[in-house]
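When we follow my numbering, the leftmost residue of the sequence shown carries the number 31, and every step to the right adds one. Yeah, the Cβ is synthetic: ideal placement off N, Cα and C, and Gly gets one too. Notes for the one structure printed next.
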Amino acid sequence: MKKLIFTVLSLFSIAATQAQESTTTTEEKKNPLTFSGYVDTYFFGNLNNPASRSNLGVSGFERIFDQKPGQFQLGLAQTKLSYSTDKVDAVIDLVFGNHADLGNYGNPISPVAGATSTALAIKQAYITWKASDKFSLTAGQFGTHIGYEVIDAPVNFNYSLSNLFGNGPFYHTGLKATVALSDKASLTAGLVNGIDTKDDNNDKLGVMAQFYVSPAEGWNLYLNWLGSDEGVTEKSYYSIIDLTTSYQITEKFLLGVNAAYGTQDKKSWGGAALYAQVAFTDKFGLGVRYEYFDNTSGIRGLKNPSRPNEGTSVNSFTLTGNVTISENLLFKPEFRLDSYAKGIGTGGEQFQDSDGNFTKSSQSTLGGALIFKF
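Dropping the structure here:
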C-alpha cells in the first residue's frame, strides 16, 4: 500500500513539475514586450563666463545639445517599448525635453499653426519583419546609420556630442532591407524621406546604404552612405560617406574611430574623431575623445566670425569619467575644450567673454551629468 501511495505521489510530482515548466515556457513566450528608458540632468560651467550664458558662440552651432552653462538643465526623458518575436520586431521610442526638441530641428512645430504635434515626441517608431534568418525589412521612423554617437546619453561614453554627430543626420523615415551575408557581415539599403524630417520636402526620395563587417572578435566596422536631394525649388544634392569602427582590444580598453566626408551644393565638409576608453574597475572608467571638424566651405552650421559667408574649423578635446553609482544610476563628470581658428581682421572671435564681446577663439566647459536608466 505504501509503495502504491508513493508511486501515485511521484507521478503527481512529475506531472506538476512538467506543468510548471510548461507554464514557465508559455509565460516566456507570452512576454515579448520590454519597457526601458532614461532621464538625464546636468550642470556645466563655461570658463569664458559668457555674458549671454550660452555655449553656442557666434554661429549658434558651436555646441549641439548642452547649450546653456551655469544652470541646471534637463536633457532628455525617454520611454521605449520594444516587442520582439522570431518573426517581428517593433519599437516605439518616445522622447521629451530640451534635447528631444533640438533633435527635431528639421520639423515645423506643428502641421497646424498655433497647435502642438504629438508626432514630434516620436524618436523612433518602426516595424521589422524578419522574413528569414538572412533577410529582414524595416519600415517607419528609425535612427540614422550615420555616425559613431547617438542621441541616447547612456549609450555614449562622452556626454557632450561631437560636431560630426551634430552636423550629420539624426533619423530617417522610410523603408530599408538588410541581408546577412554571413554571421560576420551584412548589407543594408533603403529609401528615406530625406534628412531629419518626417515629411519629404520634394518628390525625390533619399537613398541609404550600409555595409557591416566584423573582421575579428570585438572589432566592428560600418561603412555608411546617404544621398538625398534636399532642394525645394531647385536641386541641392546632399551626400555623406561615413566610416565608424570600434575595437575592444582588451576587456578594459576600447578604441573607436569615426570619419565622415559630405558634400552639398558643390561644397564639402568633413572630419574625424578618435575615441579611447579605459575601464579601471567595473564601477569607474575614463574616456578621451579628440575630434577635428572642417567646415571652411561654410556649407554647414559653423561660421567664420570674421567672414560670415565662410566657414571655419575646430579641434575638440573631451575627457569624460563614467561612474556607475548603482545598476541604474550613472554619473559622468566631463571637461571639454573647443579651439577654433583665430579670427581675421576686426570681425571678432568665435566666443563671447564676460563683457559680451567676441574675444575668445576657444571655449572650455566643466561639469557633470547624472543619468538614470531602466
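- Restricting attention to Asp368, Leu367 and Asn352, the CA atom closest to the CA of Asn188 is found in Asn352.
- In this structure Glu379 does not touch Ser192 by the C-beta definition: roughly 22 Å separates them, more than the 8 Å allowed.
- Judged by beta-carbon spacing, Leu256 lies within the 7 Å limit of Ile270, meaning their Cβ atoms are closer than that value.
- For the options Ala155, Phe402, Leu367 and Val308, the alpha carbon positioned closest to that of Ser356 is the one of Phe402.
- Fully contained in the region 80 to 150 are the following alpha helix (DSSP H) runs of length 4 or more, in chain order: 128 to 133.
- In its chain, beyond the 5 residues on either side, Gly351, Asn352, Val353 and Thr354 have a beta carbon closer than 8 Å to the beta carbon of Phe314.
- Taken in chain order, the unbroken stretches of beta strand (DSSP E) that lie wholly in the region 318 to 373 and span 3 residues or more are 342 to 356 and 359 to 370.
- Take Ser369, set aside five residues on each side of it, and the residues of its chain with a beta-carbon closer than 6 Å to its own are Asn345 and Ser392, in chain order.
- The beta carbons of Thr342 and Arg319 sit no closer together than 7 Å.
- Bounds of the alpha helix (DSSP H) holding Phe195 are Asn193 to Gly196.
- Every beta strand (DSSP E) of 3 residues or more that sits fully in the region 163 to 194 is shown, in chain order, as 165 to 173.
- Here Ala130 has Leu106 as same chain residues with Cβ atoms under 6 Å from its own Cβ, once five neighbours each way along the sequence are excluded.
- If you check the CB distance, Lys206 and Thr174 do not come in under 7 Å.
- Under the DSSP assignment, Ser66 falls in the beta strand (DSSP E) whose first and last residues are Leu63 to Asn76.
- With respect to the 7 Å criterion, Tyr277 and Trp299 are not classified as neighbours on the basis of their beta carbons.
- Nearest Cα to Pro62 within the set Asp116, Leu86, Ser336 and Ser216: Asp116.
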